[in-house]
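K.L.:
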Amino acid sequence: MIATLNPKPPPVPETKPPSDDPLLVARAQKGELEAYDQLVRRYQERIYSTVYHMTANHEDANDLAQETFIKAYQALRSFKGDSSFFTWVYRIAVNKTINFLKQRKNRIHLSLNDLDTNAEHDPGLLALISDKTPRREINLAELQERLNVALRKLSEEHRMVVTLHDIQGLPHDEIGKIMNCNVGTVRSRLFYARQQLQAHLSDFLK
Amino acid sequence: MRLAPEEFDDLEKLLAFKRHEQPPPGFFEDFPERVMARLIALEATAQQPWWVRWQTGFGLQPALVGAFGVAVVAVYFLGLSLANYAEQGAPAASGSAAQHWVMASPLPVAPLPIDLAHQPLGQSGDMAEASSMNPVVSSRAPRGIFTPGIALYPSGLQPVQFHVSGN
Numbered sequence: 026m027i028a029t030l031n032p033k034p035p036p037v038p039e040t041k042p043p044s045d046d047p048l049l050v051a052r053a054q055k056g057e058l059e060a061y062d063q064l065v066r067r068y069q070e071r072i073y074s075t076v077y078h079m080t081a082n083h084e085d086a087n088d089l090a091q092e093t094f095i096k097a098y099q100a101l102r103s104f105k106g107d108s109s110f111f112t113w114v115y116r117i118a119v120n121k122t123i124n125f126l127k128q129r130k131n132r133i134h135l136s137l138n139d140l141d142t143n144a145e146h147d148p149g150l151l152a153l154i155s156d157k158t159p160r161r162e163i164n165l166a167e168l169q170e171r172l173n174v175a176l177r178k179l180s181e182e183h184r185m186v187v188t189l190h191d192i193q194g195l196p197h198d199e200i201g202k203i204m205n206c207n208v209g210t211v212r213s214r215l216f217y218a219r220q221q222l223q224a225h226l227s228d229f230l231k
Numbered sequence: 031m032r033l034a035p036e037e038f039d040d041l042e043k044l045l046a047f048k049r050h051e052q053p054p055p056g057f058f059e060d061f062p063e064r065v066m067a068r069l070i071a072l073e074a075t076a077q078q079p080w081w082v083r084w085q086t087g088f089g090l091q092p093a094l095v096g097a098f099g100v101a102v103v104a105v106y107f108l109g110l111s112l113a114n115y116a117e118q119g120a121p122a123a124s125g126s127a128a129q130h131w132v133m134a135s136p137l138p139v140a141p142l143p144i145d146l147a148h149q150p151l152g153q154s155g156d157m158a159e160a161s162s163m164n165p166v167v168s169s170r171a172p173r174g175i176f177t178p179g180i181a182l183y184p185s186g187l188q189p190v191q192f193h194v195s196g197n
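Chains A and B, in that order, give the protein sequences.
Residue 26 is where the first sequence starts when you use the working numbering, and the numbers rise one by one after that.
Residue 31 is where the second sequence starts when you use the working numbering, and the numbers rise one by one after that.
1. How far does the alpha helix (DSSP H) with proline 92 of chain B in it extend, from its first residue to its last?
2. So with Cβ pairs under 8 angstroms, would you call aspartate 60 of chain B a contact of chain A?
3. Exposed or buried, tryptophan 113 of chain A, counting other C-beta atoms within 10 Å across all chains shown (16 or more means buried)?
4. When you compare the CB of histidine 183 of chain A with every CB in chain B, is at least one pair closer than 8 angstroms?
5. Run the CB neighbour count on threonine 122 of chain A, radius 10 Å, all protein chains shown included, and call it buried at 16 or more, exposed below.
6. Quick check: what's the CA-CA separation for leucine 226 of chain A versus leucine 165 of chain A?
7. Need the endpoints of the alpha helix (DSSP H) that glycine 56 of chain A sits in, please.
8. According to DSSP, simplified to helix, strand and coil, what is glutamine 52 of chain B?
9. Given that glutamate 70 of chain A touches chain B, what residues does it touch there, using C-beta distances under 8 angstroms?
10. I want to verify the contact list: residues of chain A whose CB lies under 9 angstroms from the CB of glutamine 78 of chain B, in sequence order.
11. In whole angstroms, what separates the C-alpha of glutamine 54 of chain A from that of leucine 69 of chain B?
12. For isoleucine 192 of chain A, go through chain B and note every residue whose CB falls closer than 8 angstroms to its CB, in chain order.
13. Report the rounded CA-to-CA distance for tyrosine 115 of chain B versus valine 103 of chain B, giving the unit in angstroms.
14. Based on the DSSP secondary-structure assignment, which residues constitute the bridge partners of leucine 140 of chain A?
15. Step through the CB atoms of chain B and report whether any lies within less than 8 angstroms of the CB of histidine 134 of chain A.
16. Does DSSP put asparagine 207 of chain A in a helix, in a strand, or in coil?
17. Which residues in the same chain as serine 136 of chain A place their Cβ atom closer than 7 angstroms to its Cβ, once the five residues preceding and following it in sequence are excluded?
18. Can you tell which of A:Phe216, A:Ser108, A:His78 has the C-alpha that lies nearest to the C-alpha of asparagine 173 of chain A?
19. Measuring only between beta-carbons, confirm whether aspartate 198 of chain A sits less than 8 angstroms from chain B.
20. By DSSP's criteria, asparagine 82 of chain A is part of a beta bridge. Which residues make up the other side?
21. At which residues does the alpha helix (DSSP H) containing asparagine 124 of chain A begin and terminate?
22. Should asparagine 138 of chain A be labelled buried (16 or more other beta-carbon atoms within 10 Å of its own) or exposed?
23. Can you tell me which of A:Thr80, A:Phe110, A:Gly194, A:Asp191 puts its alpha carbon nearest to the alpha carbon of glutamine 128 of chain A?
24. Taking the alpha-carbon positions, what's the proline 55 of chain B to leucine 140 of chain A distance?
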């Protein structure tokens, strides 16, 4: 039973956009909803996950992800193709999420998704916990909550960089394009955010 | 203390744990349909005439409908009171009522000769003599069949004929 499970964390999604994106975008710009539906299906998981890891709330993430795709469709005629559709839609999601979080400061409660069945068999995580944590009987749900609480202590911009890089697996330059800042800023934000997280999660990382 | 990038390896493993957090089963199957349904609804709304959109918008917010009704009634009564003010109260704003009536009293004009008063309508030349300085030529009431003493005909009597047919 366990052997059939893939114990590793879900792989980082491919960051290179498919080659037929421009064709779908052009069709969607002409009002073809079927083409836009394909684009939504292609990027929904990444957009939802980014928003979810930022808000730590499934309902908010669902709403914001939907609004992102609606806003993107409404603004599609202004999309000139200077960046990929992938980067452009990510940018909309990031801006929407950061605005949302700034408006709802301290008024967001955690509504965490369930861990998939592979979590308790993740060898990297188990090794980390068993080697470095004195609390052997670690509760994964508790770890999940501690991790989300630690992330919430970061500023929106620092949390976004960690989310995009360490969870979503995007490269620095792509994050720079999405967040409209240079690579140096991305690196320094990432470094600072990791330091903060290291301090907040010190008892799991001894 | 500044940490070297490799010092974050454990933290990265811990953060990778978050990838195990997954939305409820079937969420991503339904998600595009929800987005498309909202887009179709938005497009349908955008194609409706403005008054339908306005009505629909109010339909969702009864408080706005009530506020709009109150505003309409308030504007109606405001207009009514302004109209009354214009008819009755406006001169009082520029001076006292007594002053108003003094100014509005008939100007001292000489009475018209009796002949002129008995001329048929349209032949008196009243309008030709009116000016901005002296807009009221005559203080008499206009000649007409309902004005006692002032006849339409110079003789002062109106001819009446009764014709009884039959018997």
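Ideal Cβ placement from N, Cα and C applies to all residues, glycine included.
Given the structure is predicted, the values throughout are model-derived calculations rather than measurements.
P.N.:
Based on what the coordinates show:
1. The residue given as residue 92 of chain B occupies position 62 in the second sequence. The continuous alpha helix (DSSP H) containing proline 92 of chain B extends over residues 92 to 114.
2. Translated into the one-based positions of the second sequence, residue 60 of chain B becomes position 30. Cβ-Cβ to chain A under 8 angstroms: no for aspartate 60 of chain B.
3. Within the first sequence, the letter at position 88 stands for residue 113 of chain A. By the neighbour-count rule (16 or more Cβ atoms within 10 Å), tryptophan 113 of chain A is buried.
4. Taking the first sequence and counting its residues from 1, one reaches residue 183 of chain A at position 158. Output row for histidine 183 of chain A: interface = no.
5. As a first step, residue 122 of chain A is located in the first sequence; it is residue number 97 there, counting from the start. Buried: at least 16 other Cβ atoms inside 10 Å.
6. Walking along the first sequence from the start, residue 226 of chain A turns up at place 201. Walking along the first sequence from the start, residue 165 of chain A turns up at place 140. Going by the C-alpha atoms only, they are around 14 angstroms apart.
7. Residue numbering aside, residue 56 of chain A sits at position 31 when the first sequence is read from its first letter. Run containing glycine 56 of chain A: none; DSSP gives neither H nor E here.
8. Counted from its first residue, the second sequence places residue 52 of chain B at position 22. Three-state result, glutamine 52 of chain B: strand.
9. The residue given as residue 70 of chain A occupies position 45 in the first sequence. Within 8 angstroms Cβ-Cβ: Phe58.
10. Taking the first residue of the second sequence as 1, we reach residue 78 of chain B at position 48. Simply none; closest approach about 17 angstroms.
11. Counting from 1 along the first sequence, the entry for residue 54 of chain A is found at position 29. Counting from 1 along the second sequence, the entry for residue 69 of chain B is found at position 39. Approximately 14 angstroms between the Cα atoms of the pair.
12. Position 167 of the first sequence, counted from the first residue, corresponds to residue 192 of chain A. Result: Leu45, Ala46, Lys48, Arg49.
13. Translated into positions along the second sequence, residue 115 of chain B becomes position 85. Translated into positions along the second sequence, residue 103 of chain B becomes position 73. In this structure, the alpha-carbon of tyrosine 115 of chain B lies about 18 angstroms from that of valine 103 of chain B.
14. As a working note, residue 140 of chain A is residue 115 in the first sequence. DSSP lists B:Glu51 as partners of leucine 140 of chain A.
15. Counting from one through the first sequence, the residue named residue 134 of chain A turns up at place 109. Output row for histidine 134 of chain A: interface = no.
16. Walking along the first sequence from the start, residue 207 of chain A turns up at place 182. In the structure shown, asparagine 207 of chain A falls within a coil segment according to DSSP collapsed to helix, strand and coil.
17. Position 111 of the first sequence, counted from the first residue, corresponds to residue 136 of chain A. The residues are Asn82, His83, Glu84.
18. Reading the first sequence from its first residue, position 148 is the one you call residue 173 of chain A. Ranking A:Phe216, A:Ser108, A:His78 by Cα distance to asparagine 173 of chain A puts A:His78 first.
19. Here residue 198 of chain A corresponds to residue number 173 of the first sequence, with the count starting at 1. Cβ-Cβ to chain B under 8 angstroms: no for aspartate 198 of chain A.
20. Here residue 82 of chain A is taken as the residue at index 57 of the first sequence, counted from 1. Beta-bridge pairing links asparagine 82 of chain A to A:Ser136.
21. For the purposes of this step, residue 124 of chain A is identified with residue 99 of the first sequence, where counting begins at 1. Its alpha helix (DSSP H) spans residues 110 to 128.
22. Start at 1 with the first residue of the first sequence, and residue 138 of chain A comes out as number 113. With 16 or more other Cβ atoms within 10 Å, it is buried.
23. Translated into the one-based positions of the first sequence, residue 128 of chain A becomes position 103. Out of A:Thr80, A:Phe110, A:Gly194, A:Asp191, A:Thr80 has the C-alpha closest to the C-alpha of glutamine 128 of chain A.
24. Here residue 55 of chain B refers to the residue found at position 25 when the second sequence is read from its first residue. Here residue 140 of chain A refers to the residue found at position 115 when the first sequence is read from its first residue. The straight-line gap from Cα to Cα measures roughly 12 angstroms.
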